[in-house]
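Chains as they are written, first to last, in my numbering: chain B, 1 to 204; chain L, 1001 to 1201.
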């Protein structure tokens, strides 16, 4: 649909669907423009589901090349941006599945918003920083299920793990996030959380 | 040991899930990308051939298409000549007229417009999309930003399969957008079955 693209500040810009159609029709820089339009969110997703920044960059490149090649098969049954997000997350989850035994480098929040010493109340930034503090296994599971809407079955298949493992990783990730974001106290459920699970903070 | 049931009931955990779903579609808050990462992706994309210049596989397909097309033309010509030569006018079975088969909507919403509009004054019944996170993910997949108000909803059957009808704000105050999606609609796969713009009466 033509209304799913971002709107330019001055000139009228083509929608995401129009850019993708132009790319499929052979326009040389249409897909590049599409990538530039969404590259920040795409890289964010890659970082959230990768062990380290190098893997995130590799997966992002692989994903964009895959999208570039398979664009003619896109059925336009979802927003173009959602399709791109899925390809990136799929590429990252596949990389995690193939490299399960590799050591993890936790992505520190400083690498995401470097040079920003100002305390910010922006929920998105705070949530993202809390996410980055999780082990990649928990982070990838909760990003797939809660952020991208994949089913537990789909996530388990993409990560090459059991469905129960996906559920437990998601559960632990959510509770750790709720703890680090102080949501238990805000929502008045501190008593329930402390009685069932002692607070555990992952520092990296 | 944590389990999903406890998570589902905990307001703090539910808040986390809502925030994660919102973060998944919040491009404005996404941080800058290291220039070298952007540059390497752009370089790789520019090294890829454009779709129109991939002639080798297309040529074969074009030949096949031409053969099929020419065959259809020849068959049509034969039929046409044969029919013109018949003494009596051909009798065709009574079928739908062009007016009847012309549809106003790209895909038919299985409810007449008055019933669709009536949903605006009823409490929405989201059916299998009752979970706010799932519904938000579904709306995100359809291209709607987080927090989009659903004006009405109702489970229904679409060609014998369960589905959910949702009414969303249209481009003008007088219109609403009706979408029918599969029960498992999410950001990765919406399962969009039908979509139409309906004018409020």
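Where is the CB? At the ideal position from N, CA and C, for every residue including glycine.
In the three-state reduction of the DSSP assignment, residue 1034(L) falls in the coil class, being assigned neither a helical nor a strand state. Secondary structure of residue 1157(L) (DSSP, three-state): strand.
For residue 1042(L), the neighbours in chain B by C-beta distance under 7 Å run, in chain order, 32. With respect to the 8 Å criterion, residue 159(B) and residue 140(B) are classified as neighbours on the basis of their beta carbons. The beta carbon of residue 1046(L) falls within 8 Å of a beta carbon belonging to chain B, placing the residue at that interface. Judged by DSSP in its simplified three-state form, residue 80(B) adopts helix. For the 8 Å CB-CB criterion, residue 1180(L) and residue 1168(L) do not form a contact. Within chain L, the C-beta atoms nearer than 7 Å to that of residue 72(B) come from 1051, in chain order. Leaving aside the five residues that flank residue 162(B) on each side, the residues in its chain whose CB is nearer than 8 Å to its CB run, in chain order, 156. Chain L places a beta carbon closer than 8 Å to that of residue 128(B), counting this residue as a contact. Looking from the CA of residue 1125(L), the closest CA among 1081(L), 1165(L), 1013(L) belongs to 1165(L). Residue 1071(L) and residue 1050(L) have their C-alpha atoms some 31 Å from each other. Across the structure, residue 59(B) and residue 1119(L) are spaced so that their CA atoms are roughly 44 Å apart. Around the beta carbon of residue 49(B), 16 or more other beta carbons sit within 10 angstroms, so the residue counts as buried. Within the same chain, Cβ atoms closer than 7 Å to the Cβ of residue 74(B) are found at 20, 83, the five residues on either side in sequence being excluded. Scanning chain B for C-beta atoms nearer than 7 Å to the C-beta of residue 1023(L) yields 124, 127, 128, 147, reported in chain order. Cβ atoms of residue 1141(L) and residue 1185(L) come within 8 Å of each other, at about 7 Å.
Contacts with chain B (Cβ-Cβ distance below 8 Å) from the region 1132-1151 of chain L involve 1133, 1134, 1137, 1138, 1140, 1141, 1142, 1143, listed in chain order. Neighbourhood of residue 1192(L) in chain B, by CB distance below 8 Å: 77, 78, in chain order. For residue 136(B), the enclosing alpha helix (DSSP H) begins and ends at 136-142.
In the three-state reduction of the DSSP assignment, residue 1142(L) falls in the coil class. DSSP places residue 1195(L) inside the beta strand (DSSP E), whose first and last residues are 1192-1199.
Between residue 1150(L) and residue 1178(L), the C-beta spacing is not below 8 Å.
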